[in-house]
Structure formats: structure tokens, C-alpha cells
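Same order as they appear, the protein sequences are chains A and B.
Under this note's numbering, think of the first position of the first sequence as 28, with each following residue one higher.
Under this note's numbering, think of the first position of the second sequence as -3, with each following residue one higher.
All residues carry an ideal CB built from backbone N, CA and C; glycine is no exception.
Just below is one structure, and these are the notes that go with it.
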Amino acid sequence: KQEVTQIPAALSVPEGENLVLNCSFTDSAIYNLQWFRQDPGKGLTSLLLIQSSQREQTSGRLNASLDKSSGRSTLYIAASQPGDSATYLCAVKGSTGGFKTIFGAGTRLFVKA
Amino acid sequence: DTEVTQTPKHLVMGMTNKKSLKCEQHMGHRAMYWYKQKAKKPPELMFVYSYEKLSINESVPSRFSPECPNSSLLNLHLHALQPEDSALYLCASSHLPYDRDSEETQYFGPGTRLLVL
């Protein structure tokens, strides 16, 4: 059974700092990995999707990497801003469990001005 | 238009009420999903529709009844809910059927916050 773990559960950083969020998964037979952002009480916004054949994806100040063999992904946020404050969720889709997308519990990020 | 809309935004209901949640997308997506999310927890898949047919039911209690009237609409009918069913209900859609492609992104709606009294 696929399990997705995100560390840390919460993170507080000063504005301008570069930071890394971590995601690990137990079953490396995945089709893709996706990072989402969720603001309090809101829906999810897709940030980056990495296919199983890819090693990383970049969008603006965000860079996500994928190491399928070790079951790890990182989300790098450069020059953090208060507007980046949100919960960041990692989700994997794989062949186990009927091709479901399994979510991690998220990392709650607070960027202080 | 890359938007998934959900109505209502908030819903308060008693345990004997019948209500419905609605989800709509006009992106031509043929897969639609219902998720349930409790506070500070990840979304949990409830149902998946593929080409307007129910393809996955994650052992959801029968007091939740999904319906997909057409390719753009997804409903979730609620009846005799329990207080523990209070949560954020998220709808999502994706371009290709759920079990066929590795590359599709799921687009999520803003959710309906449900409180059962």
C-alpha cells in the first residue's frame, strides 16, 4: 500500500529565505508525482507535475525534483514571500491501489514579512 | 477556461436532511472525482467517474450518493449524514480517464465546506 510522508509538518521562515520541502513515498512504481498548494479552507492548486521519466520540473521560483528509486521528491522555493504561505501537498499516482492519487498530509508553510 | 466550480461554498445540514453538492467543469475532461478532506488531513478519494460511469467507489457509505448526469456535471447527494461527515468536499477533473494515462493533471474546485449538526 502506497504511503506518502511529508517532512516537516510545519515550517516558519523569514521572507527572502530559500527553502526545501520534502516528500517520500513507499512504492517506487509511480506514474507521476504532483505538488499542490492549498490555502486555508480552499481547494488545491497544481504547482508542478513530474512524470516518472523526469527528474525535475521548474516553474518560476519553484523547482521540484524526483528520485523514484529512493522514493523521494523535494520542492525548492527560492526567495520566499509572505504570499507563499500555504499548505503544500505532495501526491503520487501509481499502479498500486487502482491508479489512485495518494496525498501526503502536507507541509504548512508560514513566511514572515 | 481551466476552472472547476462547486456549489454551494458552505452548507449546514441536520442529520435528517437531504442535500446535494454540485460540481461543474467545461474543460472537456472525461474523468471527475469527489474527495473528502478533514481539517489538517490530506484529501481522501471517495468516487471516480470515467466517461460518466462510476469507476471507483472507495467503500463510501451509502448515505453519500454520486451522480454524473453528463460529462460536465458531477453531483453528490447527501442523506442522513452524521456529524463526523463534516468536512471539506472537493471535486476534481482530469483530461483523460483515470486509469489510462500518467500525465494528466487533476484540476480541483474550491470545495464545499459541510457542517452536519
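Item	Value
Closest by CA to A:Gly87, which one among A:Leu102, A:Ser96, A:Asp94, A:Lys95?	A:Leu102
Would you give the residue range spanned by the beta strand (DSSP E) that A:Phe126 belongs to?	Here A:Phe126 belongs to no beta strand (DSSP E), and DSSP marks it neither H nor E.
Could you tell me the distance, in whole angstroms, from the CA atom of B:Arg50 to the CA atom of B:Tyr103?	The sequence given here has Leu at residue 50 of chain B, not Arg. When rounded, the distance between both Cα atoms is 19 Å.
How is B:Glu80 classed by DSSP in three states: helix, strand or coil?	helix
How long is the line joining the alpha carbons of B:His73 and B:Asn13, rounded to whole angstroms?	11 Å
Evaluate A:Asn45 with the Cβ neighbour count: other Cβ atoms within 10 Å of its Cβ, from every protein chain shown; 16 or more gives buried, anything less gives exposed.	exposed
Can you tell which of B:Lys34, B:Pro62, B:Met23 has the C-alpha that lies nearest to the C-alpha of B:Asp81?	B:Lys34
Would a check of beta-carbon distances place B:Leu84 closer than 8 Å to chain A?	yes
Whole angstroms is fine: what's the gap from B:His91's alpha carbon to B:His25's?	4 Å
Can a CB atom of chain C be found closer than 8 Å to the CB of B:Gln78?	Absent here is chain C; the protein component of the structure consists of chains A and B.
In terms of residues, what are the limits of the beta strand (DSSP E) holding B:Leu113?	Element bounds for B:Leu113: n/a, residue is neither H nor E.
Would B:Pro38 and A:Gly131 be called neighbours here (beta carbons separated by less than 8 Å)?	yes
Taking the alpha carbon of B:Ser46 as the point to measure from, which residue in B:Phe60, B:Arg59, B:Leu70, B:Val56 has its own alpha carbon closest?	B:Leu70
If you draw a straight line from the alpha carbon of A:Thr114 to that of B:Asn66, how long is it in whole angstroms?	33 Å
Rank A:Ala36, A:Ser100, A:Ser112, A:Gln29 by C-alpha distance to the C-alpha of A:Gln84 and give the top, closest one.	A:Ser100
Which residues, taken in chain order from the stretch 28 to 56 of chain A, show a beta carbon closer than 7 Å to some beta carbon of chain B?	none
Along chain B, which residues have their Cβ under 9 Å away from the Cβ of A:Ser61?	A small correction: the amino acid at residue 61 of chain A is Gln; Ser does not occupy that position in the sequence shown. Those are Thr101, Gln102, listed as they occur along chain B.
Report, in whole angstroms, the separation of the C-beta atoms of A:Thr72 and A:Phe63, which I expect to be a contact under 8 Å.	6 Å
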